C-alpha cells in the first residue's frame, strides 16, 4: 500500500465523511431531495473508488452496497424510511471507523459484519432490512412436498436446506422428515429460536446405531451443492403446493466481534485558501524590503528619524505577517459542529424524544488546535442537553410546550475570544434541588448551601461526582463528565458560564481564546525573575493591604467588596529566598481559575506583553504549575504559569 497515496486518500475521504455525516441526517428529514440523494451517492462512490485503488476490501464492500441502495432510492425503487436510515447509518459508521483505524496506523481492517452486508443486500433488492419470515410445512406434508414447493430463485429457509441434505444423503424415515417429527429436547420452544445446547440435545436423542457416520461437508462442497441446478431440480420438481408463511419472531442480531476502534491520530494537515498564501508572500516581500533598508542604514550614518521610521515599518509588517500566518491555522467551527446532527438524532431516537438541532455561526474561524480540543467537551454538553434538558413529548405537551424540543449550538467571535453556547428549551434546573443534592452528597453543609446564590448553585454541576439523575444510564447520570469538561476548558484558558430558568431551559456558554499559539499575558516578577500570567484570567489588580486580610482555618483571605477571596503568596513557591515578611509594596492580582476566584500576591507587576508559547523540555515537562516558557522583549526567559496547576500546588 503506497503510503503517500493513502494519506491523500485519507484527507479527501475525511472531508467526505464529514459531509456524509450531515447529509445523511438531513436526508432523513427530506428523503425526496434529489440533490441530497445524489450528493450521498457520490460520496460513497468516491470513497469506494479510493478504497478500490488501495485494495481496502472491507471499505469497498460496504461502500459498494451503500451505493447500490442509494441508486435504488434515487430511482424510487426503495423508500428511505426509518429502517433504511438505521442500516445506512450503520454502514456509514463502519466506513468512518475504518478511516479512523487507517489514520491510527492500521493497514488491515477487520472483516465486515455479515449481518450488515445482508441487510444492505436486502435493501438493494427492495426488501426490508428486518429478518425474513420463516417457512413452515403443514403437518403431514412430506419433505419432498416442501422441496417441491420451494422457489428455485428465492431464498432458502433452514427447513428447506435440511430437506435437501436429507434427499442427498438417501432420505430419512418419516419421523425425521419434517421439523414436527423430531422429539424436541425438554424445555425447547418449538416455535422459538434454537440455541446450540438445544440443537445438541436433539442430536443426542437419535440412537447413534440408527445413523450413518455423517460426512464432513466443507464450505466448498456446500457452495457447490447450493449452486447445483441439476441436483435442485431433481429433489425439488415444480409443484403447486406452497408452504405456509408464518411471521418470524424477532431475532437478536449477533454482534460482530471487532477490535476496538483506535483513537485517530491528530490531523497534521490543514487546508489553506491560496489567497491567504498570496497575502503572506506579499508581506514577506515587504519584509525583505525593510531588511534591506535596515542594512543600508547600518552601513551608513543613519539619523534617529530614519532609524525610527525603519523600525516602525518593521513593526507594522511583522504584525501583519503574524496575523496572516495565524489565519492559515484557522478552521471554521463547522468542523466540530458537523458531528452533532447525528449525535442528537441517535440520542433522541434512543430516548424516544423529538428534538431538532439548530446550528448558528458555523463559519466562525477558530485555531486548529482549539477545534480539535473542543470536540469532546461539546459532545458531552450536547448529550446532557438531550438527556437531562429536553423533556419527553408527553411531559412537554402537559406543560403547554411544543411536542418537539430544540437544542441550539451557536458560535460567535468576541474580540480575541470565541463564545460557544449550548441552549435548550427543556425543563431547566432548580437551584433548590441542586443545593439539596450538594448537602446530601456531603459536598456542602446546609448553611453554606443556603448561602449560595442561584448562579453559584448552577455551578455545582461542574463538581466531580455531582449528579441529579435518579436513574443511571449508559448516557449519563454517573456524576462524571462535567468536571472533566470544566478541566479541559480551563486548560484552554477558557471559562464556563451556566444560566438556567426552571421550566424554560438552560444555556451553557464557553469562552475560549482564538488561538493558543500567541498569548496575551501580564508580566510579574520577583526581583530579576519574570513570570507570565495569562491575561484572560486576570480580573483586577490592587496594592496589598494587610489591614484588609484575615486568616480563616489557616488560609489567608482578603476582603473584596463584601466577599472573602483566598490569597496565594507566589513568592513562597517561586522565590522562597526573597520572601517579604510584611509584603510591603506587593501587588494582589485577582484571577479567575475556572469558576473560582483567588488572589495572587507578587512583588511587582511589569505590564502586558504578547508572548509566543514554547513547550518546556523533557526535564520540566511534568512539573505542575507551568504551561510553557517564552522570551520577553528584553531578551530574558520567562516561565508561563498554569493557573489550575498553581492552585493545585497550594491546595
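Numbering (the working numbering), first residue to last: 11 to 661. Note that CB positions come from ideal geometry on N, CA and C, so glycine has one too. The structure displayed is predicted, hence computed values, not measured ones.
Own chain, CB closer than 7 angstroms to residue i, minus 5 neighbours either side, in chain order
| i | result |
| --- | --- |
| residue 748 | For the chain, the structure presents residues 11 to 661; residue 748 sits outside this window and is missing. |
| residue 323 | 300 |
| residue 426 | 523 and 524 |
| residue 316 | 307 |
| residue 643 | 619 |
| residue 422 | 371, 374 and 429 |
| residue 24 | 109 |
| residue 645 | none |
Outcome for residue i when other beta-carbon atoms lying within 10 angstroms are tallied against a minimum of 16
| i | result |
| --- | --- |
| residue 221 | At residue 221, the pLDDT of 40 sits below 50, so the modelled position is not reliable; the number obtained from the coordinates is stated separately. That one is exposed. |
| residue 299 | exposed |
| residue 13 | exposed |
| residue 513 | exposed |
| residue 434 | buried |
| residue 499 | buried |
| residue 569 | exposed |
| residue 48 | exposed |
| residue 310 | exposed |
| residue 533 | buried |
| residue 458 | exposed |
| residue 628 | exposed |
| residue 281 | exposed |
| residue 549 | exposed |
| residue 492 | buried |
| residue 694 | The displayed coordinates of the chain run from 11 to 661. Any statement about residue 694 would go beyond what the structure contains. |
Top-ranked residue by Cα proximity to residue i, from the options
| i | options | result |
| --- | --- | --- |
| residue 467 | 34, 439, 395 and 474 | 439 |
| residue 578 | 33, 661, 107 and 531 | 661 |
| residue 353 | 635, 565 and 31 | 31 |
| residue 341 | 318, 292, 308 and 376 | 376 |
| residue 91 | 474, 520, 654 and 133 | 133 |
| residue 640 | 654, 633, 56 and 622 | 622 |
| residue 304 | 295, 99, 313 and 320 | 320 |
| residue 657 | 551, 569, 601 and 507 | 601 |
| residue 346 | 388, 309 and 355 | 388 |
| residue 72 | 83, 64, 55 and 595 | 55 |
| residue 378 | 343, 655 and 121 | 343 |
| residue 372 | 406, 39 and 349 | 349 |
| residue 608 | 67, 547, 527 and 86 | 547 |
| residue 461 | 630, 87, 446 and 79 | 446 |
| residue 564 | 576, 572 and 571 | 576 |
| residue 114 | 98, 17 and 129 | 17 |
| residue 402 | 393, 413, 472 and 394 | 413 |
| residue 536 | 616, 628 and 38 | 616 |
| residue 396 | 381, 289 and 351 | 351 |
| residue 551 | 312, 473 and 595 | 595 |
| residue 291 | 384, 332, 313 and 67 | 332 |
Residue i vs residue j beta-carbon contact at 8 angstroms
| i | j | result |
| --- | --- | --- |
| residue 441 | residue 503 | no |
| residue 366 | residue 284 | no |
| residue 584 | residue 539 | yes |
| residue 374 | residue 21 | no |
| residue 437 | residue 410 | no |
| residue 36 | residue 46 | yes |
| residue 518 | residue 407 | no |
| residue 634 | residue 655 | yes |
| residue 127 | residue 119 | no |
| residue 130 | residue 97 | yes |
| residue 334 | residue 297 | no |
| residue 88 | residue 136 | yes |
| residue 95 | residue 28 | no |
| residue 566 | residue 574 | no |
| residue 506 | residue 472 | yes |
Cβ shell of residue i (< 6 angstroms), same chain only, five flanking positions each side left out
| i | result |
| --- | --- |
| residue 501 | none |
| residue 337 | 286 |
| residue 369 | 347 and 419 |
| residue 651 | 541 and 543 |
| residue 213 | Confidence is the limiting factor: at residue 213 the pLDDT is only 44, short of 50, which leaves the residue's position unreliable and the question unanswerable from this model. |
| residue 386 | none |
| residue 649 | 541, 636 and 639 |
| residue 614 | 535 |
| residue 612 | 534, 580 and 597 |
Within-8 angstroms CB hit, residue i to chain B
| i | result |
| --- | --- |
| residue 448 | Among the chains in the structure shown there is no chain B, since it carries only a single protein chain. |
Contact set for residue i: own chain, Cβ-Cβ below 8 angstroms, skip 5 residues either direction
| i | result |
| --- | --- |
| residue 51 | 77, 80, 81 and 84 |
| residue 364 | 358, 403, 413, 414 and 415 |
Practice task
Inspect the CB distances between the region 352-371 and the region 320-339 and report whether three or more fall short of 8 angstroms.
Solution key: A contact is defined here as three or more CB-CB pairs under 8 angstroms, and the region 352-371 fails this definition with respect to the region 320-339.
Handout entry: At least three beta-carbon pairs within less than 8 angstroms, the region 525-542 to the region 447-456
Key = Touching, no.
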